[in-house]
């Protein structure tokens with residue numbers, strides 16, 4: 063415990079084995095934030111984000127997807143994205159059980175944004191709001207380029223495309239829990255299938271949605287995300303774009319601005335305020 067914040071690891075039974083996650087909980091949380099991380103990374107990269115959220119009164123919960131970070135499964139392999147969505151719903155179950163009666167916000171990053179959008183379509187009745195940061199929606203050029211090839215080349219993510227902050231790239235490249243290899247064909251196919259399901263399933267309903275995206279995102283171009291979101295956006299959907307920002311908005315040089323916009327949006331739906339203090343990193 064540090065300055066009233068308890069940081070604990072938890073494990074859940076996922077579809078492919080054990081899911082390992084972390085909770086950052088202030089003394090008197092007012093709302094719940096569940097984070098769904100991106101492809102190839104892990105929840106340990108969200109300590110700064112968790113600190114800002116619990117300073118705003120949130121109990122923060124996040125688990126590594128199958129095959130990611132400390133969770134079980136072949137590295138960076140997702141064979142069934144629908145099963146990964148069900149795993150994400152298990153994390154929400156855990157968060158609600160730990161903090162009964164509090165409103166729930168789901169925050170999805172890139173591939174985690176895709177999973178979060180689908181989770182909202184399937185299980186969104188208990189969500190108070192949804193935040194999508196640089197989400198993969200509609201189509202993803204990486205999939206369309208790689209899947210038709212007879213052999214998938216090694217195409218690891220270029221850390222320099224994540225943020226304008228060179229320290230972010232260096233930390234990512236040195237992180238042993240980050241996947242530094244290429245895409246597996248079953249993962250690409252599973253993600254493409256899920257994107258099609260999301261587009262077919264239609265609107266996200268009345269859940270308030272905030273879409274945040276960097277205009278210089280070369281990993282998930284903003285135009286594709288905007289087009290994909292348009293197919294599923296409900297009546298309470300808003301977007302904010304950031305000139306010059308790259309893919310990882312919560313690791314960008316203007317991350318404080320991004321977080322301020324995120325909390326200002328959420329403050330209309332959940333009791334954002336001082337619910338606990340302290341740094342999580």
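In the working numbering, the protein residues as written are 63 to 343.
The beta-carbon is built from N, C-alpha and C at its ideal position, and this holds for glycine as well.
Item to check | Residue nearest to residue 311 in terms of C-alpha spacing, selected from 151, 150, 172, 84 | outcome: Of the candidates 151, 150, 172, 84, the one whose C-alpha sits nearest the C-alpha of residue 311 is 172.
Checklist entry - Ends of the beta strand (DSSP E) at residue 237? => result No beta strand (DSSP E) contains residue 237, which DSSP labels as neither H nor E.
Checklist entry - By a C-beta neighbour count over all protein chains shown, 10 Å radius and 16 as the cutoff for buried, is residue 274 buried or exposed? => result The residue in question, residue 274, is buried, as its Cβ has 16 or more Cβ neighbours within 10 Å.
Checklist entry - Are there 16 or more other CB atoms within 10 angstroms of the CB of residue 111, so buried, or fewer, so exposed? => result So residue 111 counts as buried.
Item to check | Same chain, Cβ closer than 7 Å to residue 63, neighbours up to 5 away in sequence not counted | outcome: Here the model assigns residue 63 a pLDDT of 39, short of 50, so the residue's position is not dependable and the matter cannot be decided.
Item to check | Spatial distance of residue 337 from residue 247 (CA atoms) | outcome: For residue 337, the predicted model reports a pLDDT of 49, less than 50, meaning its position is unreliable; a value from the coordinates is still stated below. Each residue's alpha carbon lies about 44 Å from the other.
Checklist entry - Contact between the stretch 294–309 and the stretch 154–168: three or more CB pairs below 8 Å? => result No, they do not touch.
Checklist entry - Which value, in whole angstroms, describes the spacing of the CA atoms of residue 243 and residue 219? => result Spanning the two alpha carbons is a distance of roughly 8 Å.
Next on the checklist: Looking at residue 260: is its Cβ nearer than 8 Å to the Cβ of residue 180?
Outcome noted: Their beta carbons are under 8 Å apart, which means residue 260 touches residue 180 by this criterion.
Checklist entry - Who are residue 97's beta bridge partners in DSSP? => result Answer is 124, 169, bridged to residue 97.
Checklist entry - Between the stretch 280–299 and the stretch 253–268, do three or more beta carbon pairs fall short of 8 Å? => result Yes, the stretch 280–299 touches the stretch 253–268.
Checklist entry - What are the boundary residues of the beta strand (DSSP E) that includes residue 80? => result Element bounds for residue 80: 79–88.
Checklist entry - Beta-carbon separation of residue 257 and residue 284 under 8 Å? => result Their beta carbons are not under 8 Å apart, which means residue 257 does not touch residue 284 by this criterion.
Item to check | residue 123 to residue 89 span [Cα, whole Å] | outcome: Whole-angstrom Cα-Cα distance: 15 Å.
Item to check | Residues of its chain near residue 328, where Cβ-Cβ distance is below 7 Å and the 5 sequence neighbours each way are ignored | outcome: Within the same chain, residue 328 has close Cβ partners 167, 191, 334.
Checklist entry - Closest to residue 332 by CA distance: which of 119, 101, 108, 109 is it? => result With distances taken between Cα atoms, residue 332 lies closest to 119.
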